[in-house]
Amino acid sequence: MADPDTAADDGRLMRLALEVAATAVEHDDVPIGAVLARGGEVIAEGVNERELRGDPTAHAEILALRAGAGVVDDGWRLLDTTLYVTLEPCAMCAGAIVLARVPRVVYAAPDPKAGAAGSVLDVLGEPRLNHRPEVVGGVLADEAAELLRGFFRERRD
6 MADPDTAADD
16 GRLMRLALEV
26 AATAVEHDDV
36 PIGAVLARGG
46 EVIAEGVNER
56 ELRGDPTAHA
66 EILALRAGAG
76 VVDDGWRLLD
86 TTLYVTLEPC
96 AMCAGAIVLA
106 RVPRVVYAAP
116 DPKAGAAGSV
126 LDVLGEPRLN
136 HRPEVVGGVL
146 ADEAAELLRG
156 FFRERRD
């Protein structure tokens, strides 16, 4: 069973990731947000900016990891952090998470088309890689899924 403080932090920080995600619509990007925390305190955040930057790698997780690496004393190693993301990471983002040595990943909605934390692939759990973070899925999944559905519904109308 999860530590009640951890579960409370997970909910609080995922809500923040959802708020960050909602800002993506201002620049016509899919609303996905990421928050990087250490000791329950936010050290970096990122929002999907592929359309804004014209960059296929500008995923919320990648931008949060880059910003976090600029803040920590461990260089590119994001030790003692937790990454909160509103959609299950894709293979690219999961690879970056492994390379950054993020010890814990919490995501909201699963991604049955591109998820790499168990849905399509399991990069984060791959035993042949040198790092495997703890993964918690489904935190505020309904809220995250509704944010995504609403975004795509508006595009269809």
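Adding 5 to a residue's 1-based position in the sequence shown gives its number in this note's numbering.
Even for Gly, the Cβ is constructed at its ideal location relative to N, Cα and C.
Judged by their CB atoms, Y112 and G142 are nearer to each other than the 9 Å cut-off.
Residue range 146-161 is occupied by the alpha helix (DSSP H) that includes G155. DSSP, reduced to helix, strand and coil, places L134 outside both helices and strands of the structure shown, so it counts as coil.
In chain order, Y89, V111, A113, V144, L145 place their CB closer than 7 Å to the CB of M19, counting only its own chain and leaving out the 5 sequence neighbours on each side.
Contact between the region 148-162 and the region 35-51 is present: three or more C-beta pairs spanning the two stretches fall below 8 Å. By the C-beta density criterion, T62 is exposed, having fewer than 16 other C-beta atoms within 10 angstroms.
The beta carbon of E66 lies closer than 8 Å to those of A39, G51, L88, V90, P94, C98, A101, I102 in the same chain, with the five residues before and after it left out. Put simply, of L68, L41, D79, R43 the residue whose alpha carbon is nearest the alpha carbon of A29 is L68. In the structure shown, L41 falls within a strand segment according to DSSP collapsed to helix, strand and coil.
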